[in-house]
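A.B. asks: Numbering (my numbering), first residue to last: 585 to 754.
Even glycine gets a Cβ: it sits at the ideal position worked out from N, Cα and C.
Let me give you the structure first, and then I'll get to my questions.
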Ligand SMILES: [Zn+2]
């Protein structure tokens, strides 16, 4: 089980990373993993909303970068498949039993119920590094406490640095 530590920085702040692979921790990985995130995640389905993309380049060995991006891609695909399954295969069976005013909410609830197992698995078995972009801030999520701490220190000049919600920049 690997719960991640979230370091939150302003979205406008260009994040600096320690010169170590975000996946395996090796020094001087010489390459980067390009992590592009929309607001594509389970909250996208809850809020029915898609924000602008956010890109971050994190140091990673070539092999680790591939693994990380492959897992992210697979996860997005699984989310889309599960939600599509819920809305196209399961929903038609319930549709007529739900009053029209509640249909939008029922659809969201159904989609969420179908992707819930995936959300639980992803929280318990977090990827070594991930990003979640919000309107004006970004969560950088690390499973390595040490890496998260080094990252936070390197970015102390940002308008704020929050670790798991606590502002530590003061
Ligand atoms: Zn690596």
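Which residues neighbour ligand 1 when neighbourhood means a C-beta less than 6 angstroms away from any of its non-hydrogen atoms? List them by chain order.
C.D. replies: Taking each Cβ in turn, the ones that pass are 605, 607, 608, 610, 613, 644, 645, 648.
A.B. asks: Tell me the DSSP secondary structure of residue 727 in three-state form.
C.D. replies: Numbered from its first residue, the chain shown carries residue 727 at position 143. Coil.
A.B. asks: Could you say which of 599, 735, 713 lies nearest to residue 654 if we only look at CA atoms?
C.D. replies: Looking up residue 654 in the chain shown gives position 70. Checking every option, the nearest Cα to that of residue 654 belongs to 713.
A.B. asks: Could you tell me if residue 709 is buried or exposed, where buried requires 16 or more neighbouring beta carbons within 10 angstroms of its beta carbon?
C.D. replies: Taking the chain shown and counting its residues from 1, the one referred to as residue 709 is at position 125. Exposed: under 16 other Cβ atoms inside 10 Å.
A.B. asks: In angstroms with no decimal places, state the Cα-to-Cα distance between residue 750 and residue 601.
C.D. replies: On the chain shown, position 166 is the one that residue 750 refers to. On the chain shown, position 17 is the one that residue 601 refers to. Using only the alpha carbons, I get a separation of about 20 angstroms.
A.B. asks: Are the segment 588 to 605 and the segment 718 to 729 touching by the rule of at least three beta carbon pairs closer than 8 angstroms?
C.D. replies: Verdict: yes, contact present.
A.B. asks: Hey, how far is the Cα of residue 670 from the Cα of residue 611?
C.D. replies: As a position in the chain shown, residue 670 is number 86, starting the count at 1. As a position in the chain shown, residue 611 is number 27, starting the count at 1. Spanning the two alpha carbons is a distance of roughly 44 angstroms.
A.B. asks: Mapping DSSP to helix, strand and coil, what is residue 704?
C.D. replies: Taking the chain shown and counting its residues from 1, the one referred to as residue 704 is at position 120. Helix at residue 704.
A.B. asks: Starting from residue 646, follow the alpha helix (DSSP H) in both directions and report where the run begins and ends.
C.D. replies: Residue mapping note: residue 646 aligns to position 62 of the chain shown, counting from 1. 646 to 669 is the extent of the alpha helix (DSSP H) around residue 646.
A.B. asks: Residues in the same chain with beta-carbon distance under 7 angstroms from residue 616, minus the five sequence neighbours each way, listed in chain order, please.
C.D. replies: For the purposes of this step, residue 616 is identified with residue 32 of the chain shown, where counting begins at 1. Cβ within range, chain order: 641, 642, 643, 644, 649.
A.B. asks: Any idea what DSSP makes of residue 745, helix, strand or coil?
C.D. replies: Position 161 of the chain shown, counted from the first residue, corresponds to residue 745. Three-state result, residue 745: coil.
A.B. asks: Looking at the unbroken alpha helix (DSSP H) that takes in residue 783, where does it start and where does it end?
C.D. replies: With the chain running from 585 to 754 in the structure shown, residue 783 is simply not present.
A.B. asks: Excluding sequence positions up to five away, which residues of its chain have a Cβ less than 8 angstroms from the Cβ of residue 585?
C.D. replies: Here residue 585 refers to the residue found at position 1 of the chain shown. At residue 585 the pLDDT is 44, less than 50, meaning the model places this residue with poor confidence; the figure from the coordinates comes in the next sentence. Contacts found: 708, 709.
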